[in-house]
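Engineer: If you scroll down you'll find the structure; I have some questions about it.
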Amino acid sequence: MPSPPEQQPRRPWRWLAAALCVAYAIALGAYLGLRFVWPDWTPVLALIGYLGPFLFLPLVGLAPLAVFSRSRLALAGVLAVVGLFAWLYGELFVPRLGPQPQATGDPLVVMTYNLGPGRALPQQVVADILAAGADIVAVEELTPAGSQALQAGLTGVYPYTSLDARAADCGLLSRFPILSVQRFRPNGTGRTALQATVDVHGAATQVIVLHPEPPKLRLAGPWPMPTGAYVDHIDQELADAARRAGEFTGPVIVVGDLNAGDLSRGYASMASVLKDAFREAGWGFGLTFPVGLVVAGVRIPGPLVRIDYVFHSAHFEALGAQVRCGSSDHCYVRARLVPVAALAN
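8 is the number of the first residue of the sequence shown in our numbering; add one for each residue after it.
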């Protein structure tokens with residue numbers, strides 16, 4: 008009786024799966040490993056830094072391919088990428104381990120909101136801020152009309168303000184006394200930032216509001232699509248702002264639309280000195296921009312990138328952090344902070 012014909016292994020599929028998965032893992036690992044040490048970060052690589060979690064989107068197709076191909080190399084590549092995802096974002100999707108901070112006093116609620124002039128009506132922005140219920144509110148893309156609307160609609164809730172749209176496009180509203188305000192240009196050339204000293208329950212707290220110029224995009228194609236991003240100015244401005252923040256011995260809060268993704272060098276400069284409240288106490292990817300984007304008449308689901316942040320010094324712990332989308336093309340970030348001294352009581 009003749010033996011049944013032997014099935015030939017699907018070697019081409021196995022090799023293809025292995026090549027794709029291993030190449031993807033190596034490329035992603037190299038990008039993440041070299042992004043801080045490579046001397047000349049090209050515009051293409053800088054643009055990739057804004058993609059954040061979308062860098063892991065190929066896993067949707069490659070993981071099933073690796074399983075069905077039964078290639079050990081392909082599976083190893085996929086597992087390596089899963090490990091990179093867990094390293095970068097895993098803490099944002101699991102319960103915080105260890106004792107949770109318990110406040111003995113009133114937390115300080117901080118909010119940053121790019122007002123999105125041209126899309127959001129001033130009265131809508133006022134309603135968004137009132138709904139957030141923050142104690143300190145930083146605003147970006149402040150216009151004279153927006154400044155008037157905020158002062159008219161919020162003075163009763165926030166008696167202390169710095170909303171001079173002629174001096175800077177960022178401002179501050181506070182329930183606590185603002186003792187002093189000064190403005191500076193990060194790195195000497197950047198868009199004007201605001202630094203205020205706020206008396207928070209008797210503690211002189213430095214609040215810095217930043218809004219660097221956006222990246223300069225390189226566009227190509229019949230429907231201009233970004234093929235690169237020039238971000239040196241952002242990296243330098245955020246490095247200078249981080250240095251300034253690190254020089255203070257008291258409590259510091261840095262907020263704003265930083266126009267930098269959380270894989271960028273500028274973000275790394277800030278995170279080396281201060282804590283990212285959303286990473287500390289938020290849930291999910293924390294994407295903040297853009298909302299309601301329309302390209303060639305097609306509405307693009309968003310937000311797609313994370314560029315709005317609340318940072319704080321080690322004088323605080325974050326009890327919670329949320330991203331909420333209102334009437335602007337930016338979502339706002341709201342963080343509940345508590346002084347470390349209060350945690351120890």
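Here a beta-carbon is modelled for each residue, glycine too, at the ideal position from N, C-alpha and C. As the structure is a computational prediction, the values presented were derived from the model and not from experiment.
Using 10 angstroms around the beta-carbon of residue 71, count the other beta-carbons present and answer buried if the total reaches 16, otherwise exposed.
Structural biologist: Residue 71 is exposed by the Cβ-count criterion.
Engineer: Spell out the partners DSSP gives residue 292 in its beta bridges.
Structural biologist: According to DSSP, residue 292 bridges with nothing at all.
Engineer: Between the Cα of residue 234 and those of 81, 126, 224, spot the shortest distance and give me the residue it belongs to.
Structural biologist: When each option's Cα is compared against that of residue 234, the closest is 224.
Engineer: Please go through the region 169 to 206 and give each complete beta strand (DSSP E) segment of 3 or more residues, from N-terminal end onward.
Structural biologist: List check, beta strand (DSSP E) in window: 178 to 181, 185 to 191.
Engineer: Using the C-alpha atoms, what's the distance from residue 273 back to residue 253?
Structural biologist: Distance between the alpha carbons of residue 253 and residue 273: 15 angstroms.
Engineer: How would you call residue 310, buried or exposed, if buried means at least 16 neighbouring beta carbons within 10 angstroms?
Structural biologist: With 16 or more Cβ atoms within 10 Å of its Cβ, residue 310 is classed as buried.
Engineer: In chain order, what residues of the same chain lie with their CB nearer than 6 angstroms to the CB of residue 168, ignoring the 5 residues before and after it?
Structural biologist: Once the five neighbours on either side are set aside, the close Cβ partners of residue 168 are 180.
Engineer: When you compare only the Cα positions, how much space is there between residue 33 and residue 113?
Structural biologist: Those two C-alpha atoms are separated by around 48 angstroms.
Engineer: Report, in whole angstroms, the separation of the C-beta atoms of residue 236 and residue 216, which I expect to be a contact under 8 angstroms.
Structural biologist: Rounded, the Cβ-Cβ distance is 23 angstroms, inconsistent with contact.
Engineer: Output the boundary residues of the beta strand (DSSP E) element that contains residue 301.
Structural biologist: Here the beta strand (DSSP E) through residue 301 covers 300 to 302.
Engineer: Can you tell me whether residue 152 is buried or exposed? The criterion is at least 16 other CB atoms within 10 Å of its CB, across all chains shown.
Structural biologist: Label assigned to residue 152: exposed.
Engineer: Whose C-beta lies closer than 6 angstroms to the C-beta of residue 175 among residues of the same chain, with five residues either side of it excluded?
Structural biologist: 190, 199, 201, listed in sequence order.
Engineer: Check whether the region 84 to 91 touches the region 16 to 32, taking contact to mean three or more Cβ pairs, one atom from each stretch, closer than 8 angstroms.
Structural biologist: The region 84 to 91, when compared against the region 16 to 32, does touch it at the 8 angstroms Cβ threshold.
Engineer: Identify, in the order they occur along the chain, each residue of the same chain with its Cβ nearer than 6 angstroms to the Cβ of residue 257, setting aside the five sequence neighbours on each side.
Structural biologist: The residues are 211.
Engineer: With DSSP as the reference, label residue 60 as helix, strand or coil.
Structural biologist: Residue 60 falls in the helix class under three-state DSSP.
Engineer: Give the secondary structure of residue 65 by DSSP, where H, G and I count as helix, E and B as strand, and everything else as coil.
Structural biologist: Note: residue 65 maps to coil in three-state DSSP.
Engineer: What residue range does the alpha helix (DSSP H) around residue 157 cover?
Structural biologist: Counting along the chain, the alpha helix (DSSP H) containing residue 157 begins and ends at 151 to 161.
Engineer: DSSP has residue 213 in a bridge; who is on the other side?
Structural biologist: Residue 213 pairs with 204, 259.
Engineer: Residue 333 to residue 63, Cα distance in whole Å?
Structural biologist: If you take the alpha carbons of residue 333 and residue 63, they lie about 28 angstroms apart.
Engineer: Under the rule that 16 or more other beta-carbon atoms within 10 Å means buried, what is residue 15, buried or exposed?
Structural biologist: Because the pLDDT of residue 15 is 47, which lies under 50, any placement of that residue in the model is unreliable, and the number read from its coordinates should be weighed accordingly. That one is exposed.
Engineer: What is the residue span of the beta strand (DSSP E) that residue 103 lies within?
Structural biologist: Counting along the chain, residue 103 falls outside any beta strand (DSSP E), and DSSP gives it neither H nor E.
Engineer: Tell me whether the beta-carbon of residue 299 lies closer than 9 angstroms to the beta-carbon of residue 329.
Structural biologist: The answer is no: Cβ separation not under 9 angstroms.
Engineer: If you compare alpha carbons, which of 102, 127, 145 is closest to residue 116?
Structural biologist: It is 145 whose Cα lies nearest to the Cα of residue 116.
Engineer: If residue 313 sits next to residue 268, beta carbons under 8 angstroms apart, how far is it from one beta carbon to the other, in whole angstroms?
Structural biologist: Sure, about 6 angstroms apart at Cβ, within 8 angstroms.
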